[in-house]
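J.:
Numbering (this note's numbering), first residue to last: 31 to 315.
(1) Quick check on this structure: which residue in 202, 246, 107 has the alpha carbon closest to the alpha carbon of residue 306?
(2) For residue 181, which of helix, strand or coil comes out of DSSP?
(3) Whole angstroms is fine: what's the gap from residue 252's alpha carbon to residue 284's?
(4) Determine the burial state of residue 312: buried for a count of at least 16 other Cβ atoms within 10 Å of its Cβ, exposed for fewer.
(5) When you compare the segment 232-241 with the segment 290-298, are there three or more beta-carbon pairs, one atom per stretch, that lie closer than 8 Å?
(6) For residue 229 and residue 217, I'd like the C-alpha separation in whole angstroms.
(7) May I ask you to report which of helix, strand or coil DSSP gives residue 249?
(8) Report the start-end ranges of each beta strand (DSSP E) in the segment 269-305 that is 3 residues or longer and not cut off at the edges.
(9) Could you give the residue range of the beta strand (DSSP E) that holds residue 264?
(10) Can you grab the Cα-Cα spacing for the pair residue 146 / residue 264, in whole Å?
(11) By the 10 Å Cβ neighbour count, where 16 or more other Cβ atoms means buried, how is residue 75 classified, buried or exposed?
(12) Touching or not, the segment 53-62 and the segment 110-123, by the rule of three or more beta carbon pairs under 8 Å?
(13) Please say whether residue 142 and residue 125 have beta carbons closer to each other than 8 Å?
(14) Can the beta-carbon of residue 149 be found closer than 8 Å to that of residue 299?
(15) Between 140, 189, 188, 287, which lies nearest to residue 166 when the distance is taken from Cα to Cα?
(16) Tell me, which residues are paired with residue 84 by DSSP?
(17) Which word fits residue 168, buried or exposed, when buried means at least 16 other C-beta atoms lie within 10 angstroms of its C-beta?
(18) Assuming residue 119 is part of the beta strand (DSSP E), what are its boundary residues?
(19) Helix, strand or coil for residue 151 per DSSP?
(20) Any idea if residue 60 is buried or exposed, counting beta-carbon neighbours within 10 angstroms, 16 or more meaning buried?
(21) Do residue 97 and residue 83 come within 8 Å of each other at the CB atom, strictly closer than that value?
(22) Buried or exposed: which applies to residue 137, given that a residue is buried once 16 or more other Cβ atoms fall within 10 Å of its Cβ?
(23) So is residue 200 buried or exposed if we call it buried at 16+ other beta carbons inside 10 Å?
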């Protein structure tokens with residue numbers, strides 16, 4: 031009889047645990063009502079959500095926290111990775127209710143001890159952060175509409191929303207740059223001292239702009255009949271910004287080179303090659 035009671039107790043406990051389901055309604059991008067603050071979630075596996083919250087302003091996107099909701103044998107948990115005094119710390123919450131609302135708890139944490147998601151409808155969520163007593167922060171979020179041209183797109187299971195935000199990537203992993211073609215300029219001077227000084231400054235300027243993250247590609251072209259000498263790809267959004275940057279190149283300002291600027295659309299991951307590129311050169315020109 032005692033063994034039967036244990037079996038029944040285990041069965042009831044397991045059934046209670048199985049009632050907790052993943053909050054699949056979170057998938058997508060949500061905006062806090064009246065603020066430029068967002069929360070984005072991707073279902074990357076049947077048992078795992080990955081997301082992040084961020085603010086968007088004139089200086090770009092700033093990540094506030096990284097978020098993971100994961101289901102394992104112990105239940106469903108929410109992990110928030112937040113920036114605390116310059117370092118990222120994990121705070122873990124356990125799902126304790128998933129009936130009319132999804133309530134995550136960590137009673138050992140100072141604030142919040144509870145994070146509550148209440149789905150109002152397909153396009154609205156009410157969220158409450160509380161210490162379980164008197165302190166409460168409540169707000170509503172509205173789901174951003176998916177553009178029609180993305181409705182039939184294939185989702186990427188390896189998508190990293192935090193990395194995409196840091197790189198300024200759009201939904202296709204792309205962003206705008208300015209592409210420059212350097213051509214032979216009008217200055218036909220034969221003064222070798224002036225030419226050498228000008229092109230020394232040209233190379234130094236390339237290094238400086240690269241170190242500042244403004245220039246992601248630079249290099250000469252092979253001999254050709256078009257007078258094309260080299261290319262730049264500037265990590266700026268507008269041609270006007272690129273025009274300001276080329277003013278710091280003495281080979282251009284002194285007329286040994288000329289430049290044509292074009293808007294260019296490419297992978298937002300392009301700047302990531304710069305760090306390893308500093309480890310593979312043996313001689314610097």
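For glycine and all other residues, C-beta sits at the position ideal for the given N, C-alpha and C.
T.: This is what the structure gives:
(1) 246
(2) Note that residue 181 scores a pLDDT of 49, beneath 50, so its modelled location is shaky and nothing firm can be said.
(3) 23 Å
(4) Counting the other CB atoms within 10 Å of its CB gives residue 312 a total below 16, which places it among the exposed residues.
(5) With a cut-off of 8 Å, the segment 290-298 and the segment 232-241 do not count as touching, because too few Cβ pairs lie within range.
(6) 13 Å
(7) Here residue 249 sits in strand by DSSP.
(8) 287-297
(9) Its beta strand (DSSP E) spans residues 258-264.
(10) Between the C-alpha atoms of residue 146 and residue 264 there is a straight-line separation of about 44 Å.
(11) exposed
(12) These segments do not touch.
(13) no
(14) no
(15) Nearest C-alpha to residue 166: 140.
(16) 68, 93
(17) exposed
(18) 117-128
(19) Here residue 151 sits in strand by DSSP.
(20) buried
(21) yes
(22) exposed
(23) exposed
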